[in-house]
Amino acid sequence: MEDVEILAYRRDDGSVGVRNHVALIAVDHAGAVVVEGVAKLLRGVEAVSHQYGRLQFGEDLELTFETLIGVGCNPNVAAAVVVGIEPNWTTKIAEEIAKRSKKPVESVWVIGQGTISAIEETAKKARELVSYATEIQREPCKLSELVIGVKCGASDTTSGIAANPVIGRVGEWFVDLGGTFIFGETTELAGGEHIVASRFESDEEREKFLKVFNDYIEFAKSKGADILGSQPTQENIAGGLTTIEEKALGNIQKVPNRPIKGVLRPAERPKGKGVWFMDTSSSAQEQVTLLAAAGAAIHLFSTGKGNTVGNQIVPVVKITGNPITAKQMRDNIDVDVSGITMGEISLDEGAKKVYDFTVKVANGKLTAAEILRHDNFTITRLYPSM
Amino acid sequence: MYKKVHIHDKRDNVAVALEDLKPGDKIKVNRNGAELEIEVKQEIPFGHKVALERIQRGGEVIKYGETIGVATEDIAEGEHVHIHNLRSLKYS
């Protein structure tokens, strides 16, 4: 496959983005109200809103910070305004985004002026940043300069037959050209973890992966969930899946069959090109958000029954191999590869469709989830707040 | 007219039915460079697996080029491969 030229945004930190958003990033619930208000006033901004960020501590707080900082640093973002209840955490996040990404970043806090005044201050600052951002031109870049993420959701029998193998093939083309590819979903690998483990380049990273995996299985067990014993489900068996290995292999098909470089912590940026594993939940909106925080510019998402997930910062490309879903949920689906399921087209032909669509998205075409405003930014919480 | 099945990897000894299969249906598969015709022996619904060769009891069942479990009884070419004759090697 050819490393096609795309017109994209080259950022000062060396990363390449396919969108040019001014991100209005909420630190907490007070900031959420402000950024949502401003998003209704201005063109060219994206509200990154959530209700957490208070009385968190330790690793969980670190992950919330890294998620917000990471999204601000995402190459699809041109500039950001960080809005919180108070100046301490707000400026900490804003300064870290500016330091790491060299982008213009402003901060606003609500205490001392009230919500309406904070909306005004944020709108004025964002207005200047939109004016700045929209002067930035797309320039020639290579597709392989992007970071691409992957996930599957609402999977069914067709996911393992068509959509996942198609993404795996696209990923192989992309990685062979020098691209960077991230997969996650720790629990979804159960039963096939030995296969994923065997693909790590170094023993050190392999051991790290197995520890992450085993620790989660034990954690789930301590909460009364038997991840290994509950698979495959009755629904899976009715669909033709017999063993946990088989189900896991269906999921793993979406991971390019290439050496895996290493294990990333949630929201951590890859430390080089190639295939990376990130320790994430298998919940779509959480996983897509963590990969956005790690710098993914595009997300390839396979679905059987029709998961609708999207993200305000990262275009999510929805791919299905289920002909019924392709028809019933046409509004939500970007690429229909059900021809593979029907035995009408080859895997490579399906993969070419996805590759071509991905190039269009990189050049600016909006995905279904973007057009429909599936803005599902979601913070992964590790444990309750104080 | 051959019925449609899907083989993920050339090492696989099972194929996935892309339509409901009935006893007597014929499928055509490429095995080790040779075109083979296999007669379906049992009802095999869409998405379920059909054996592409004889798999002895204890033998590995291969899909996606990887072992997905072992046969718990002898499986003949063209038979349905599922929970009645295949078990996980990892957790059972």
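Chains A and B are the protein sequences, given in the same order.
Residue numbers for the first sequence follow the working numbering, beginning at 1 and rising by one.
Residue numbers for the second sequence follow the working numbering, beginning at 1 and rising by one.
We treat Cβ as the ideally placed atom computed from N, Cα and C, and that holds for glycine.
Whose Cβ in chain B lies nearer than 7 Å to the Cβ of residue i?
i, result
"G239 (chain A)", "G47"
"T90 (chain A)", "Here the premise fails: no neighbours, minimum Cβ distance about 47 Å."
"M342 (chain A)", "L18"
"T157 (chain A)", "G47"
Which same chain residues end up closer than 7 Å to residue i when comparing Cβ atoms and leaving out the 5 residues on each side of it in sequence?
i, result
"E96 (chain A)", "I69"
"D3 (chain A)", "K142, L143, S144 and L177"
"E73 (chain B)", "R57 and N85"
"T186 (chain A)", "V212, F213, Y216, D279 and T280"
"F200 (chain A)", "R206, F209 and I260"
"P449 (chain A)", "Because chain A spans 1 through 386 in this model, residue 449 (chain A) falls outside it and cannot be assessed."
"I161 (chain A)", "G321, I340 and T341"
"K247 (chain A)", "G191, Q231, P232, N236 and L241"
"N13 (chain B)", "A51, L52, E53, I55, V61 and I62"
"D336 (chain A)", "T320 and A326"
Could you compute how far the alpha carbon of residue i sits from the alpha carbon of residue j?
i, j, result
"E235 (chain A)", "R330 (chain A)", "24 Å"
"K318 (chain A)", "T115 (chain A)", "37 Å"
"G304 (chain A)", "N376 (chain A)", "19 Å"
"L189 (chain A)", "N257 (chain A)", "14 Å"
"V33 (chain A)", "P140 (chain A)", "38 Å"
"V18 (chain A)", "E370 (chain A)", "13 Å"
"T243 (chain A)", "T157 (chain A)", "13 Å"
"K10 (chain B)", "Y64 (chain B)", "9 Å"
"L366 (chain A)", "R373 (chain A)", "10 Å"
"G262 (chain A)", "D334 (chain A)", "30 Å"
"S338 (chain A)", "N311 (chain A)", "25 Å"
"A8 (chain A)", "I119 (chain A)", "31 Å"
"A362 (chain A)", "G274 (chain A)", "19 Å"
"E313 (chain A)", "I68 (chain B)", "Here the sequence assigns Ile to residue 313 (chain A), which means Glu is not the residue at that position. Approximately 38 Å, taken between the alpha carbons."
"R138 (chain A)", "E286 (chain A)", "29 Å"
"G306 (chain A)", "V255 (chain A)", "20 Å"
"L47 (chain B)", "G239 (chain A)", "What sits at residue 47 (chain B) in the sequence shown is Gly, not Leu. So the alpha carbons of these two residues sit roughly 6 Å apart."
"R464 (chain A)", "E268 (chain A)", "Past the edges of chain A, shown from 1 to 386, lies residue 464 (chain A), and the structure says nothing about it."
Quick one: list the residues of chain A neighbouring residue i, beta-carbon separation under 8 Å, in chain order.
i, result
"V21 (chain B)", "A small correction: the amino acid at residue 21 (chain B) is Leu; Val does not occupy that position in the sequence shown. The premise fails here: L21 (chain B) is roughly 12 Å from chain A at the closest Cβ pair, so nothing lies under 8 Å."
"G69 (chain B)", "T242, T243, E245 and E246"
"V50 (chain B)", "Those within 8 Å of V50 (chain B) in chain A number zero; the least Cβ separation is about 10 Å."
"I83 (chain B)", "I237 and T242"
"K4 (chain B)", "M342 and G343"
When DSSP labels each residue in this structure, what does residue i get in the three-state scheme?
i, result
"F450 (chain A)", "In the structure as shown, chain A starts at 1 and stops at 386, and residue 450 (chain A) therefore has no counterpart that could be examined."
"I260 (chain A)", "strand"
"E201 (chain A)", "coil"
"E59 (chain A)", "helix"
"P140 (chain A)", "strand"
"L21 (chain B)", "strand"
"T134 (chain A)", "coil"
"T207 (chain A)", "Looking at the sequence itself, residue 207 (chain A) is Glu, so the reference to Thr does not match. Here E207 (chain A) sits in helix by DSSP."
"L228 (chain A)", "coil"
"D334 (chain A)", "coil"
"S155 (chain A)", "coil"
"S281 (chain A)", "coil"
Counting only the same chain and skipping the five closest in sequence on each side, list residues whose C-beta sits under 6 Å from that of residue i.
i, result
"I25 (chain A)", "V48, L68, G72, A80 and V82"
"V45 (chain A)", "V22, L24, A39 and A126"
"I379 (chain A)", "H50, Y52, T64 and T67"
"R54 (chain A)", "D28"
"F301 (chain A)", "K151, V316 and K318"
"W109 (chain A)", "G84, E86, P87 and T90"
"Y383 (chain A)", "D60"
"S155 (chain A)", "G304"
So, residue i versus residue j, is the Cβ gap smaller than 8 Å?
i, j, result
"F174 (chain A)", "I148 (chain A)", "yes"
"T90 (chain A)", "S107 (chain A)", "yes"
"A293 (chain A)", "V309 (chain A)", "no"
"H6 (chain B)", "L21 (chain B)", "no"
"L146 (chain A)", "G179 (chain A)", "yes"
"L290 (chain A)", "P266 (chain A)", "yes"
"P323 (chain A)", "I182 (chain A)", "no"
"V29 (chain B)", "G78 (chain B)", "no"
"A123 (chain A)", "L42 (chain A)", "yes"
"V70 (chain B)", "K49 (chain B)", "no"
At 7 Å on the CB atoms, spell out the chain A contacts of residue i, in chain order.
i, result
"I27 (chain B)", "Within chain A, no residue comes near I27 (chain B); the closest Cβ sits about 11 Å away, beyond 7 Å."
"K90 (chain B)", "G191, I244 and E245"
Residues of chain B with CB under 8 Å from residue i, in chain order?
i, result
"P165 (chain A)", "H8"
"L249 (chain A)", "K63, Y64, E66 and I68"
The ligand SAM and residue i: does any heavy atom of the ligand fall closer than 7 Å to the residue's C-beta?
i, result
"S107 (chain A)", "By its list of ligands, the structure shown contains no ligand whatsoever, and the ligand SAM lies outside what it can speak to."
In its own chain, which residues sit with a C-beta less than 8 Å from the C-beta of residue i, not counting the 5 before and 5 after it?
i, result
"T358 (chain A)", "L143, I148, V170, I298, L300 and V317"
"N32 (chain B)", "K10"
"A220 (chain A)", "T187, D226 and I227"
Kindly list, in the order they appear in chain A, the residues whose Cβ is closer than 9 Å to that of residue i.
i, result
"L36 (chain B)", "Here the premise fails: no neighbours, minimum Cβ distance about 17 Å."
"R87 (chain B)", "T242 and T243"
Who are the neighbours of residue i on chain B, taking C-beta pairs under 9 Å?
i, result
"I217 (chain A)", "Neighbours of I217 (chain A) on chain B: none; closest Cβ ~11 Å, over 9 Å."
"I161 (chain A)", "H6, H8, V16, L18 and G47"
"Q253 (chain A)", "H8 and Y64"
Near-chain E residues of the stretch 182–204 of chain A - C-beta to any C-beta below 7 Å
No chain E is present in this structure, whose protein chains are A and B.
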